[in-house]
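There are 2 protein chains.
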Amino acid sequence: MFKINDNYLKLPGSYLFSTIARKVSAFQEANPDKQIIRLGIGDVTQPLAPAVIDALHAAVDEMAHAETFRGYAPDLGYDFLRNAIADHDYRQRGVDIAADEIFVSDGAKSDSGNIGDIFSVDNKIAVCDPVYPVYVDTNAMAGRTGDYIEDKQSWSNVIYMPCTAETNFAPQLPKETPDIIYLCFPNNPTGSAITKNELQAWVDYANKNGSVIIYDAAYEAYISEKDVPHTVYECEGARTCAIELRSFSKNAGFTGVRLGFTVIPKDLKCGGVMLHSLWARRHGTKFNGAPYIVQRAGEAVYSEEGQKQTNEQIAYYMNNAKTILTGLKEAGYTVSGGVNAPYIWLKTPDNMTSWEFFDHLLEHANVVGTPGSGFGPSGEGYFRLTAFGSYENTVAAIDRIKKM
Amino acid sequence: MFKINDNYLKLPGSYLFSTIARKVSAFQEANPDKQIIRLGIGDVTQPLAPAVIDALHAAVDEMAHAETFRGYAPDLGYDFLRNAIADHDYRQRGVDIAADEIFVSDGAKSDSGNIGDIFSVDNKIAVCDPVYPVYVDTNAMAGRTGDYIEDKQSWSNVIYMPCTAETNFAPQLPKETPDIIYLCFPNNPTGSAITKNELQAWVDYANKNGSVIIYDAAYEAYISEKDVPHTVYECEGARTCAIELRSFSKNAGFTGVRLGFTVIPKDLKCGGVMLHSLWARRHGTKFNGAPYIVQRAGEAVYSEEGQKQTNEQIAYYMNNAKTILTGLKEAGYTVSGGVNAPYIWLKTPDNMTSWEFFDHLLEHANVVGTPGSGFGPSGEGYFRLTAFGSYENTVAAIDRIKKM
Numbered sequence: 001m002f003k004i005n006d007n008y009l010k011l012p013g014s015y016l017f018s019t020i021a022r023k024v025s026a027f028q029e030a031n032p033d034k035q036i037i038r039l040g041i042g043d044v045t046q047p048l049a050p051a052v053i054d055a056l057h058a059a060v061d062e063m064a065h066a067e068t069f070r071g072y073a074p075d076l077g078y079d080f081l082r083n084a085i086a087d088h089d090y091r092q093r094g095v096d097i098a099a100d101e102i103f104v105s106d107g108a109k110s111d112s113g114n115i116g117d118i119f120s121v122d123n124k125i126a127v128c129d130p131v132y133p134v135y136v137d138t139n140a141m142a143g144r145t146g147d148y149i150e151d152k153q154s155w156s157n158v159i160y161m162p163c164t165a166e167t168n169f170a171p172q173l174p175k176e177t178p179d180i181i182y183l184c185f186p187n188n189p190t191g192s193a194i195t196k197n198e199l200q201a202w203v204d205y206a207n208k209n210g211s212v213i214i215y216d217a218a219y220e221a222y223i224s225e226k227d228v229p230h231t232v233y234e235c236e237g238a239r240t241c242a243i244e245l246r247s248f249s250k251n252a253g254f255t256g257v258r259l260g261f262t263v264i265p266k267d268l269k270c271g272g273v274m275l276h277s278l279w280a281r282r283h284g285t286k287f288n289g290a291p292y293i294v295q296r297a298g299e300a301v302y303s304e305e306g307q308k309q310t311n312e313q314i315a316y317y318m319n320n321a322k323t324i325l326t327g328l329k330e331a332g333y334t335v336s337g338g339v340n341a342p343y344i345w346l347k348t349p350d351n352m353t354s355w356e357f358f359d360h361l362l363e364h365a366n367v368v369g370t371p372g373s374g375f376g377p378s379g380e381g382y383f384r385l386t387a388f389g390s391y392e393n394t395v396a397a398i399d400r401i402k403k404m
Numbered sequence: 001m002f003k004i005n006d007n008y009l010k011l012p013g014s015y016l017f018s019t020i021a022r023k024v025s026a027f028q029e030a031n032p033d034k035q036i037i038r039l040g041i042g043d044v045t046q047p048l049a050p051a052v053i054d055a056l057h058a059a060v061d062e063m064a065h066a067e068t069f070r071g072y073a074p075d076l077g078y079d080f081l082r083n084a085i086a087d088h089d090y091r092q093r094g095v096d097i098a099a100d101e102i103f104v105s106d107g108a109k110s111d112s113g114n115i116g117d118i119f120s121v122d123n124k125i126a127v128c129d130p131v132y133p134v135y136v137d138t139n140a141m142a143g144r145t146g147d148y149i150e151d152k153q154s155w156s157n158v159i160y161m162p163c164t165a166e167t168n169f170a171p172q173l174p175k176e177t178p179d180i181i182y183l184c185f186p187n188n189p190t191g192s193a194i195t196k197n198e199l200q201a202w203v204d205y206a207n208k209n210g211s212v213i214i215y216d217a218a219y220e221a222y223i224s225e226k227d228v229p230h231t232v233y234e235c236e237g238a239r240t241c242a243i244e245l246r247s248f249s250k251n252a253g254f255t256g257v258r259l260g261f262t263v264i265p266k267d268l269k270c271g272g273v274m275l276h277s278l279w280a281r282r283h284g285t286k287f288n289g290a291p292y293i294v295q296r297a298g299e300a301v302y303s304e305e306g307q308k309q310t311n312e313q314i315a316y317y318m319n320n321a322k323t324i325l326t327g328l329k330e331a332g333y334t335v336s337g338g339v340n341a342p343y344i345w346l347k348t349p350d351n352m353t354s355w356e357f358f359d360h361l362l363e364h365a366n367v368v369g370t371p372g373s374g375f376g377p378s379g380e381g382y383f384r385l386t387a388f389g390s391y392e393n394t395v396a397a398i399d400r401i402k403k404m
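Protein chains in written order, with the numbering used here: chain C, 1 to 404; chain V, 1 to 404.
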């Protein structure tokens with residue numbers, strides 16, 4: 001008799017955003033006249049940049065003719081895209097990452113889940129708390145997290161690093177040494193950032209203790225402050241301890257287009273084994289490359305026009321972030337984030353729990369946000385709003401919240 | 001200190017097609033004047049159908065405007081595509097599969113590798129021998145296959161079901177009961193097919209023994225004979241024991257577009273747990289949907305025009321198959337396949353090993369094929385040619401082989 005992976009049965013309830021979708025549907029059904037504004041899930045709303053659209057059309061045309069048709073892509077990505085990434089995201093920042101250390105994929109969610117495949121089950125992970133749920137859930141599926149303790153809303157074998165107002169929303173070096181450390185900066189969900197010096201301390205810690213850092217830099221394009229690093233490889237020694245995950249979803253609005261990449265430097269080894277080789281083997285065996293037309297779209301993001309246009313999109317969203325930040329402050333809320341990230345993190349008023357505030361906001365302002373507790377126990381009493389709506393909706397949402 | 005997944009270190013050498021690519025490159029470099037014809041890797045060469053191209057352009061245009069822009073797709077696929085699949089591939093064949101039992105993905109290679117995630121490590125797999133390498137390699141990565149025995153070119157804890165001339169290239173029910181049975185029909189690499197009655201025997205066997213069948217039907221569009229089933233769900237009882245993998249790569253030339261789907265009926269359970277729920281959870285946690293524009297392209301395959309055009313592509317490739325089959329028979333080779341599948345499987349002449357014949361063919365005919373031994377120990381002494389080249393190249397390749 002075949003046996004299932006029992007670890008799946010340990011997972012609590014459903015994925016955060018499914019729960020939110022269910023609640024919002026129910027509310028809309030009960031109140032069909034209400035115009036709900038969604039500042040919950042981190043999904044973009046602006047159309048693709050014209051340079052990207054042009055590249056997509058051109059690539060589609062190539063697929064229409066035998067002479068220019070493209071079948072299977074190279075497993076690890078087309079050179080035209082890997083070179084553009086290496087040049088723009090690394091070389092131009094004075095950072096030493098080669099094109100063949102870049103693995104193109106269908107997005108950072110897949111990569112952040114799949115990266116666990118190349119590690120032993122017998123590794124202890126450390127995560128920020130609150131945290132993007134995918135890191136913990138995928139490790140739970142792999143059997144790395146112990147048991148879920150309902151009371152504590154946390155797993156028995158995970159090192160949680162609280163990121164609250166008390167720690168300035170940054171993690172502190174843990175007492176127990178983790179094997180794998182997940183860091184995401186600029187942070188989802190808190191919108192906080194750390195300085196290059198602060199990140200350097202983590203790199204030094206990892207190298208000293210034989211830990212590997214999985215660094216999620218999906219929001220680097222939103223950085224506005226100078227001392228905030230865009231890549232972990234700005235730090236000395238990161239090539240021997242860090243994997244970086246990157247995405248086109250937020251820097252170019254590719255949430256529905258699906259493109260991302262993972263960087264694994266060849267200097268990152270366990271014993272004599274390069275993690276680069278393991279990931280290449282996984283990619284080559286369990287993945288068949290990102291679509292050609294999508295990789296051409298990714299290349300267009302790095303063109304002069306593409307950069308100008310996607311920077312305008314980011315400026316648009318960051319203007320929303322400012323609107324939310326300023327508006328909520330005026331309304332008396334305690335808020336953070338929104339300066340180097342498209343997320344605003346607020347303290348729920350009147351000691352409401354995160355889900356109480358979710359219901360309150362939905363009912364009284366018809367605005368959807370994300371309960372902080374959905375991201376981990378230390379998120380309780382906090383709430384996330386995103387800057388990814390339209391400007392008009394963002395202004396309207398803040399008006400409604402002010403009048404609440 | 002972090003630890004890697006040691007199972008990766010047990011994998012022998014590199015992926016079959018990487019080795020071929022290396023050998024071909026070396027030959028081309030040494031013989032720059034030779035025109036190599038590639039009938040090796042199963043990659044299509046015909047351009048996308050006009051209906052698909054139109055759908056891609058239209059979807060790209062939607063992404064250019066805020067009103068029609070699409071962000072994150074539903075994790076499990078857009079309803080328009082799931083409905084088209086359920087209707088065309090199942091309902092119209094009188095087969096009972098609902099749209100919400102269909103999980104849209106970026107391709108059957110990903111799915112056939114990832115499906116292992118929902119099963120315990122403690123399952124014994126059975127595979128046809130020869131076999132598509134991904135099934136075994138991904139199980140090896142998960143730690144399910146024991147150790148690789150170099151001498152035997154096989155894994156210690158895998159049930160191999162020989163498919164040779166002696167078995168008419170079909171597997172026979174194994175003596176030891178497997179937990180998970182991988183079947184692929186029409187078959188890659190042998191090009192063989194089995195009848196509905198033969199498949200029914202496997203379904204009955206699985207239901208009786210508590211095994212699950214992972215049925216890879218990537219080549220169903222190439223079926224020309226009436227008693228060959230297009231889907232495992234044509235068999236009675238398959239809803240309680242079978243998962244089906246499907247692909248757009250071969251029926252619509254999507255190898256570079258990336259689209260596939262997996263069917264998990266809600267009746268397929270282990271204890272009280274639906275495998276459907278586990279895969280939904282995996283998809284929702286580790287995958288973010290196939291690109292919107294690609295899903296629209298998939299939908300167009302099912303339109304009247306799309307069907308007509310993609311059927312013409314298949315007829316084109318099957319004419320190549322006939323050319324190869326007839327030509328090789330005339331040249332005195334022992335061949336099979338090529339009737340319900342785009343693969344021709346030949347016995348190497350003069351007792352050459354598969355790799356000896358690979359080198360021989362590359363050197364003397366400048367034709368690239370795939371050594372049968374690369375697909376498993378029982379593939380030794382066989383060789384695969386594919387019908388996916390252009391007609392002109394296929395004719396030229398056969399001419400050269402005849403003159404060899």
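In this text, a Cβ means the ideal position worked out from N, Cα and C, and glycines have one as well.
If you're wondering where the values come from, they're calculated on a predicted model, not measured in any experiment.
Exposed unless 16 or more other CB atoms sit within 10 angstroms - verdict on residue i
i	result
residue 101 (chain C)	buried
residue 364 (chain C)	exposed
residue 73 (chain V)	buried
residue 213 (chain V)	buried
residue 65 (chain C)	exposed
residue 408 (chain V)	Nothing can be reported for residue 408 (chain V): it is not among the residues displayed for chain V, which extend from 1 to 404.
residue 309 (chain V)	buried
residue 197 (chain C)	exposed
Residues bridged to residue i (per DSSP)
i	result
residue 242 (chain C)	C:213
residue 105 (chain V)	V:260
residue 306 (chain V)	The partner list for residue 306 (chain V) (beta bridge, DSSP) is empty, contrary to what the question assumes.
residue 337 (chain V)	V:344
residue 411 (chain V)	Residue 411 (chain V) cannot be examined here, being either before or after the span of chain V that is shown, 1 to 404.
residue 119 (chain V)	C:4
residue 371 (chain V)	V:383
residue 361 (chain V)	Answer is none; residue 361 (chain V) lacks a bridge partner.
residue 235 (chain V)	Beta-bridge pairing links residue 235 (chain V) to no other residue.
residue 129 (chain V)	V:162
residue 183 (chain V)	V:215
residue 247 (chain C)	C:260
Among the options, nearest to residue i - alpha-carbon criterion
i	options	result
residue 370 (chain V)	V:355, V:84, V:69, V:70	V:355
residue 44 (chain C)	V:117, V:69, V:45	V:69
residue 396 (chain V)	V:48, V:119, V:36, V:26	V:36
residue 256 (chain V)	C:21, C:66, C:3, C:71	C:71
residue 325 (chain C)	C:339, C:313, C:316, C:315	C:339
residue 405 (chain C)	C:301, C:337, C:183	Nothing in the structure corresponds to residue 405 (chain C), since chain C is present only between 1 and 404.
residue 103 (chain C)	C:53, C:185, C:132, C:283	C:283
residue 259 (chain V)	V:50, V:46, V:78	V:78
residue 380 (chain V)	V:389, V:351, V:400	V:351
residue 59 (chain C)	C:292, C:124, C:316, C:362	C:292
residue 243 (chain C)	C:250, C:249, C:274	C:274
residue 139 (chain V)	V:149, V:345, V:155	V:155
residue 32 (chain V)	V:366, V:400, V:386	V:366
residue 171 (chain V)	V:390, V:187, V:305	V:187
residue 151 (chain C)	C:373, C:398, C:382	C:373
residue 5 (chain C)	C:143, C:61, C:34, C:53	C:143
Please list the segments of the beta strand (DSSP E) lying wholly inside the segment 136-171 of chain C, counting only runs of 3 or more residues, in order along the chain. 158-162
Runs of alpha helix (DSSP H) wholly within the segment 11-38 of chain V (minimum 4 residues, chain order): 16-30
Using a beta-carbon distance cut-off of less than 9 angstroms, what residues from the segment 63-74 of chain C approach chain V? 63, 64, 65, 66, 67, 68, 69, 70, 71, 72, 73
Note down, in chain order, all residues in the segment 280-307 of chain C with a beta-carbon under 8 angstroms from any beta-carbon belonging to chain V. 281, 282, 284, 285, 286, 287, 288, 289, 290, 291, 292, 293, 294
Using a Cβ-Cβ cutoff of 7 angstroms, what residues of the segment 110-133 of chain V are near chain C? List them in chain order. 110, 113, 114, 117, 118, 119, 120, 122, 123
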